[in-house]
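In what follows, a single structure is set out as structure tokens and then discussed.
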Amino acid sequence: MGEISPQLSQNKEWVKTRFEKCDDILNRQVFLDNGRREGLLVYVEVAVSNLMLEEHVIGLSDVQPLRTYQEGEAALLAGNGILFLEGDDMVYKISSKGYPGIGVSKAESEKVMRGSREGFTESEKLNVALIRKRLRDPRMKVEEQIIGKRSNTMTALVYMEDLIYPNLLDTIKKRMAAYEIDGILDSGMLEQLTEKHWLSPFPQFQSTERPDRAASAILEGRVVLVTDHSPTVLVFPSDYNSFFQTSDDWYNRFEIATFARMLRFFAAILAMSFPAIYVAVTTWHTSLLPTNLILSMAEARAGVPFPSLGEVLLMEISFELIREAGIRLPGPIGNTIGIVGGLIIGQSAVTANVVSPIVVIVVAFTALCSFAIPNEEFASAFRLLKYGCIFMGAWLGLYGVLLSYLWVLIHLSHLNSFGIPYLMPYVASDLNGYEDEKDSLVRFPFRMLTRRPVFAKRDARVKLRKKE
Amino acid sequence: MFSGNQKISSRQLYRNYTAGFISLSALLPPLIINGSNIVSILLAVIFLGIFLAGSAVIPRPVSTAVKALCYVHYWILGTMLVRMTGLLVQEFLLTDTKLWIIAGWFYVICYYNLYKGLECRLRVSEVLFPFFTVLLIFLSILMYGEVQIHRLEELEYIWNMGQVQKGYELFCWLGAIQSLWHLNGQLQDEHKWRTGVWKIWLSGAVITILWSLFTYCIYGNAGHTGLMFPLANAMTLAHFPGNVIGRMDTLFVFAWMIGLFLLCSSLFAPLVDGEPDKQRKYLLFALLSASYAAVLLPECMEWGQKLLYYVSTPAQLLLLFFYAVTGNGKKKVAVCVLPFVFLFLTGCSAQELEQRSLVTAVGVDAGEESPFLLTFQFGTSAKEEPKEPFVTEAKSLREAEELYWKNSWKHMDFNHLKNIYFSQEILDTEDMENLLEEIQIDGAYSRGTLVHITEEEAAREAEKEEQPKDGTPIHRLLNEWYNNGRSWK
């Protein structure tokens, strides 16, 4: 880079190479001075509106001349338009209102205590701009593609050119091209079509509604797939660990973040197996509980007509029904149904001797655990597996629970997301010199997180270093 | 991008084999340790060290026929270990459940693990290892109170052929780690191979010796005689502080199972390396089915041990020697086609809480028609009316339990037995020894149960609502009995 060239053709060439594969950055040929002077207007789509371009290009006000390409690039990526003119060795920054702000929408399902409140919208263009707003680097590429014979849905692959493995892009493009479909109405449809292990209950794409999460993933060397009409973008490759991370894990202090992560991991195990452990302990391994507790549990069960398995299943299914009804009903009513349904059904069931009080506690605690998992799709897998676990626990006690754990673990060990072992960094973390473990169950202090995870290209893994 | 390379990391190697080694150490050395055969355990560990040193430097066999020969060895070992695992689960986790159900499920999961290939199998062990070790260490710490270090002074270091023979036999069992040889050359960091093997041996050897000394410090000289799994029995003594959790042996067996699962998976992996193609998957299925059929035969242990001691282990040693001297040789060994056994798993014997009567105290007096008059006191919660004790004459606790079952719809549950009372008059009888033997062998009775001798009727003490919380654990009584030549008074 350097000084702006007075030759427009040279400037056009610079724009072309510098912003190659950046489909969100547009350029428009303009003519000034009654068509005698040619110019090139470059701008980030969405960040600069058409109306504003019309107003400013005709030379109203707030135009700032810049002398170097570097300044021009920074102004462009900050959400302004820049104008090159034939014979002029300056580029003109045309101020704009910039990127969309918090007014766009809030992330409903990934709330954080600290950090941006912005969420993705239903427009692909706007969503890409929200990412661009956070990563003002021309190496962040945006490749748009239309999918769906009838829906013609716009999708965009967003990635950092120098960080990703090139075959990652080829793989996803091949998978996206492998099917001809009528319409893609949400990113979920695309996700199911492009997953390798499509029978698995575990998602192999991470989904997020948060632009900062997507930007963070791009900086890790991952690719973000944005789909029009969907406020959820897909992130790949993904691993088990990434489903337990939230944005504020990196914004909070490491002790707090580590504690929260440990809680989530523990919650995931219990979300799958706590009811099964209850059934196993009460029907097989009473020795595990102290005598007083087991006696009071036996007393509480007196008069309950169902076996432990039956009452646990009954309560679990009731809970799922309340949850399902709560989602379908409009906001305030849904919340009310959740609380009222939970309290009233639980209390009435205990009073009517349909279930014992301890089962209500077990089911409620399990529900809490499943809500502690940050990713809804991921949490659903545990919720589903819970039922298999319950049956095994009832049939073979803790041995059955252990067999269930082993089954899930073997399955997860076999899974991979675009070639990355799903259980990274708990397995095969030697691939990145055990660096990924620093940001797993335990989150090391920020200063020690100097390398990108295994997703990034081997020679581009340094992300933090102290200045000399 | 990364998977499918069939290369493993040194950490995966270490975790997989160390977990197996530790499981075996918890299973076998405590069975043979007594005051005079610590040398045999040391010898076994040294023999294994020599074998592993050989396998660390000698290239692995590449001929399918030779690998198949080795595999027969692992198959025999694996089959016997599954039977032992099944018995362990049956004894401590799923009493009254049929062995074929327990073993059947074990094989199903084992097959699933192996079906997915080497890389997947080693990832499983990589994840499970920390849980496994943390649980074992935690539970061992909880038993600290019953470990009597001074017993170590009683150990005798005797060197003779008998010790060598016992050492060799234990080495044959520890040979489950020998399949390491077949992973030579499969490590991502080749230069770490020898260090890796050395670390596995060192960790395993230290833990084997520590487990042996640990159980000796609990049971003393031959204190565990008659126990099926001494360490698991010892774990019945472990209680979580603050009375939050009851007996911990269930958790111990749970942890132990993880190690045994990993070990058996390594042993059954067909020809150890390579992607599981279709042919291998069929072979694997046939081998596991045959192993399953063998596990259900009690004689398999006897036959297996003979084969292990006199045929397959010597063959392993010869092979290693042969490869050390001549490099890759070829031996044609036919792989047997083994019968196909289909798993159809049904049936269980879980009991709901309300179907159990929690026995909290037992009184043992002299009977008139049978040797003992047994009184069983049952626990009730604070809100319940006290239950009538069950009084019967029987020649054993088991018989009394069956009588109770006939007269009531409930089963006796001895998991919460806190106190046993013996009246003075029965102590000198021969039947008393049988009763102690029964308490010793049956995993249902916690070794932490308190024992009391009463001058009057034991039944009266057992029937009291308020039960003492101090006393001598029956574990010490049993140890005294065995250690002093069954004269314990």
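From first to last, the protein sequence lines stand for chains A and B. So for the first sequence, this note's numbering puts the first residue at 140; every next one is plus one. So for the second sequence, this note's numbering puts the first residue at -1; every next one is plus one. Note that beta-carbon positions come from the ideal geometry of N, C-alpha and C, so glycine has one too.
Which residues in the same chain as Phe250 of chain B place their Cβ atom closer than 7 Å to its Cβ, once the five residues preceding and following it in sequence are excluded?
Leu137, Ala230, Met233
Does DSSP put Met509 of chain A in a helix, in a strand, or in coil?
What sits at residue 509 of chain A in the sequence shown is Ser, not Met. Three-state result, Ser509 of chain A: helix.
By how many angstroms is the C-alpha of Phe404 of chain A removed from the C-alpha of Thr207 of chain A?
Roughly 50 Å between the two C-alpha positions.
Starting from the C-beta of Ala392 of chain B, find all residues in its chain whose C-beta is less than 7 Å away, skip the five residues before and the five after it, and write them out in chain order.
The answer, listed in chain order, is Ser368, Phe370, Leu372, Ala398, Leu401.
Minimum Cβ-Cβ distance from Pro429 of chain A to chain B less than 8 Å
Look at Pro429 of chain A: its C-beta is under 8 Å from a C-beta on chain B.
Do Leu448 of chain B and Asp411 of chain B come within 8 Å of each other at the CB atom, strictly closer than that value?
no
Neighbour list for Leu364 of chain A in chain B, Cβ cutoff strictly below 7 Å
In chain order: nothing, as chain B lies at least about 18 Å away.
Identify whether Phe250 of chain B lies in helix, strand or coil by the three-state DSSP scheme.
When DSSP states are grouped into helix, strand and coil, Phe250 of chain B belongs to the helix group.
For the segment 362 to 427 of chain B, list the beta strand (DSSP E) runs that are entirely contained and at least 3 residues long, ordered along the chain.
370 to 376, 388 to 392, 409 to 411, 417 to 421
Beta-carbon neighbours of Ser381 of chain A, restricted to chain B and to distances below 8 Å:
Below the 8 Å Cβ cutoff, chain B contributes no neighbours of Ser381 of chain A, its closest Cβ being approximately 16 Å away.
Assuming Ile147 of chain B and Cys215 of chain B are in contact, meaning their beta carbons sit under 8 Å apart, how far apart are those beta carbons, in whole angstroms?
6 Å
Assuming the contact rule is C-beta atoms closer than 8 Å, Phe458 of chain A and Ala506 of chain A should be a hit. Round their C-beta distance to whole Å, please.
About 6 Å separates the beta carbon of Phe458 of chain A from that of Ala506 of chain A, a gap short enough to meet the 8 Å contact definition.
Between the segment 204 to 212 of chain B and the segment 456 to 465 of chain B, can you find at least three pairs of beta-carbon atoms closer than 8 Å?
no
I'd like the list of long-range same chain contacts for Leu133 of chain B, defined as Cβ closer than 6 Å, with 5 residues on each side in sequence excluded.
Ala253
What three-state label does DSSP hand His237 of chain B in the structure shown?
strand
If the cut-off is 7 Å on Cβ atoms, which residues from the segment 519 to 540 of chain A count as contacting chain B, listed in chain order?
Ala533, Trp534, Leu535, Gly536, Leu537, Tyr538
Rounded to a whole number of angstroms, what is the C-alpha to C-alpha distance between Thr452 of chain B and Pro228 of chain B?
Between Thr452 of chain B and Pro228 of chain B, the C-alpha separation is close to 29 Å.
Any C-beta of chain A sitting closer than 8 Å to the C-beta of Leu341 of chain B?
Note on Leu341 of chain B: pLDDT 34, under 50, position unreliable in the model; the coordinate value appears next. It does not; no Cβ of chain A falls within 8 Å.
At the 8 Å Cβ level, is His473 of chain B part of the contact set with chain A, yes or no?
no
Measure the alpha-carbon distance for Glu478 of chain B versus Gly218 of chain B and round it to whole angstroms.
9 Å
Taking 8 Å as the threshold (C-beta atoms), are Gln10 of chain B and Ser177 of chain B in contact?
no
Who does Cys161 of chain A pair with in a DSSP beta bridge?
A:Val281
From Ile323 of chain A to Leu215 of chain A, what does the alpha carbon distance come to, in whole angstroms?
32 Å
Pairwise C-alpha distance: Gly76 of chain B and Phe320 of chain B:
24 Å
Endpoints, alpha helix (DSSP H) assigned at Thr206 of chain B
That run of the alpha helix (DSSP H) goes 191 to 217.
Proximity test, Cβ basis, 8 Å: Val293 of chain B and chain A:
no
Could you tell me the boundaries of the alpha helix (DSSP H) in which Lys525 of chain A lies?
515 to 553
Quick one: grab the DSSP three-state call for Lys328 of chain B.
Model confidence at Lys328 of chain B stands at a pLDDT of 42, short of 50, so the residue's coordinates are unreliable; what they give is reported in the following sentence. Per DSSP, reduced to three states, the secondary structure at Lys328 of chain B is coil, with no helix or strand assignment.
Given a cut-off of 8 Å, decide if Ser386 of chain A and Val251 of chain A are closer than it, judged by their beta-carbon atoms.
yes
If you drop the 5 nearest sequence neighbours on each side, which residues of the same chain put their C-beta closer than 8 Å to that of Glu154 of chain B?
Gly33, Ser34, Ile36
For chain A, check one thing: does any of its Cβ atoms lie closer than 8 Å to the Cβ of Gln186 of chain B?
Judged by the 8 Å Cβ criterion, Gln186 of chain B is in contact with chain A.
Check Ser487 of chain A in the structure and name its three-state DSSP category.
helix
What's the C-alpha gap between Leu351 of chain B and Val540 of chain A?
19 Å
Please classify Phe0 of chain B: does DSSP put it in a helix, a strand, or coil?
With a pLDDT of 40 at Phe0 of chain B, under the threshold of 50, the predicted position of this residue should be treated as unreliable, and no value is reported.
With 16 other Cβ atoms within 10 Å as the buried cut-off, status of Asp598 of chain A
Burial state of Asp598 of chain A is exposed, judged by a 10 Å Cβ sphere holding fewer than 16 other Cβ atoms.
Separation of Glu300 of chain A from Ile286 of chain A, as counted between CA atoms:
Those two C-alpha atoms are separated by around 23 Å.
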